[in-house]
Each structure stands twice: as structure tokens, then as C-alpha cells.
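Here's the structure we're looking at; comments come further down.
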Amino acid sequence: MQRTHGAAVFADPDMDDGHQPDRRTDRGGPAERQELRTEFRFVLPRGYMDQDGTVHKDGVMRLATARDELLPLYDARVQENSAYTTVVLLGRVITSLGTLGAVTSAVVENMFASDVAFLQDFYRRINAEGHTRIAVTCPECSYRFTADLAGGRLGES
52 MQRTHGAAVF ADPDMDDGHQ PDRRTDRGGP AERQELRTEF RFVLPRGYMD
102 QDGTVHKDGV MRLATARDEL LPLYDARVQE NSAYTTVVLL GRVITSLGTL
152 GAVTSAVVEN MFASDVAFLQ DFYRRINAEG HTRIAVTCPE CSYRFTADLA
202 GGRLGES
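Sequential numbering from 52 applies to the sequence shown in the working numbering.
This is how it looks when you write it as C-alpha cells:
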């Protein structure tokens, strides 16, 4: 098996020419290639302020693995206080935030509570639901629409 940027390509060892066999759907047509999306961009509602006073809002979170969810259980901070699981887990799956070199549990524990709540919901959406879209109904006119949590603030693209 060869890996290519999030998609798996299976090679048939009996094929000498390197071509892939024709994969077909149940209806007989060629199967559509669908790449697995593993990273999702987000914009924090408030932003993380570092020691220099720089606010970091734009980030990327990757899909969690079973290992990501299991390893925090061995962390002494989590064993002492199970609420710390969120901090350790988010520190593992956030791959970038603004211009920070690395995002660790120390960064997450110093975020505003509203940003941590946003990240918890974002984590749940991408790992359980597979997308970052939410259904929204306007309280004034009852108009229904879809918003993407990964985008900027409401009204921004």
C-alpha cells in the first residue's frame, strides 16, 4: 500500500504494468475517488494571546486517532483531574495556531474559556460528524441556512 496525501492507493502485486484495476460502484460505473480530509482550519472566537501580546486566531486541527484519545489517560495531570483530558487532547490535535511554533497543553490551558469551548465543539464535529457545518435559524425571521464553523465570524467568508 502506498500513501498519498491523505488517500490510500492499493497496488495489485499481480499487475506488472503498474495500472490500478477498475474499481466499480454497485451500479457498474467507475468508483469516485474521494480523498479523506484529515485537517480542518478554524478561527478562534477570541484568540490566544502569547507572552508578547500577539493574538493568534487562525489554526488547524487534525482528526484524532485512537492513540490521541488513549494517551491522555496515562498523563498524571489527567489522573489527578479528569477535566484536564480536554486540555491534553486538544494540545495533541491542534497542529498550528497563528505563528506559534508548537501548540501544547500549556497553550490550551492558557486560552480563554470561550475558545476552549469552541475547540471542544469543533473537535466533536470533525471527529464524530466529519464536517464543520451547522444548521442555523435566524431568531428574527426564522430563515434557515448553513454556516461553517471553520470560517471566520458570522458574515465573513
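Note that CB positions come from ideal geometry on N, CA and C, so glycine has one too.
Distance between D109 and T116, taken at the CA atoms: about 22 Å. In this chain, the alpha helix (DSSP H) harbouring Y174 covers 164–175.
Bridge pairing for T146: absent [DSSP]. Residue pairing from DSSP leaves D101 without any beta-bridge partner.
In the DSSP assignment, V129 falls outside any beta strand (DSSP E) and lies within the alpha helix (DSSP H) extending over 127–131. Residue burial annotation: M100 is exposed, with fewer than 16 other C-beta atoms found within 10 angstroms of its C-beta. A residue is called buried once 16 or more other Cβ atoms fall within 10 Å of its Cβ, and S156 is buried on that count. Ranking D166, L121, S133 by CA distance to the CA of L148 puts D166 first. Excluding the 5 residues flanking it on each side, P96 has same chain C-beta neighbours closer than 7 Å at S165, D166, F169, in chain order. By the CB criterion at 8 Å, M112 and V144 fall inside the cutoff.
Secondary structure note for R88: it is in no alpha helix (DSSP H), with a DSSP letter that is neither H nor E.
Its chain contains Y135 as the residues whose beta carbon lies nearer than 6 Å to that of R128, once the 5 sequence neighbours on both sides are disregarded; these appear in chain order.
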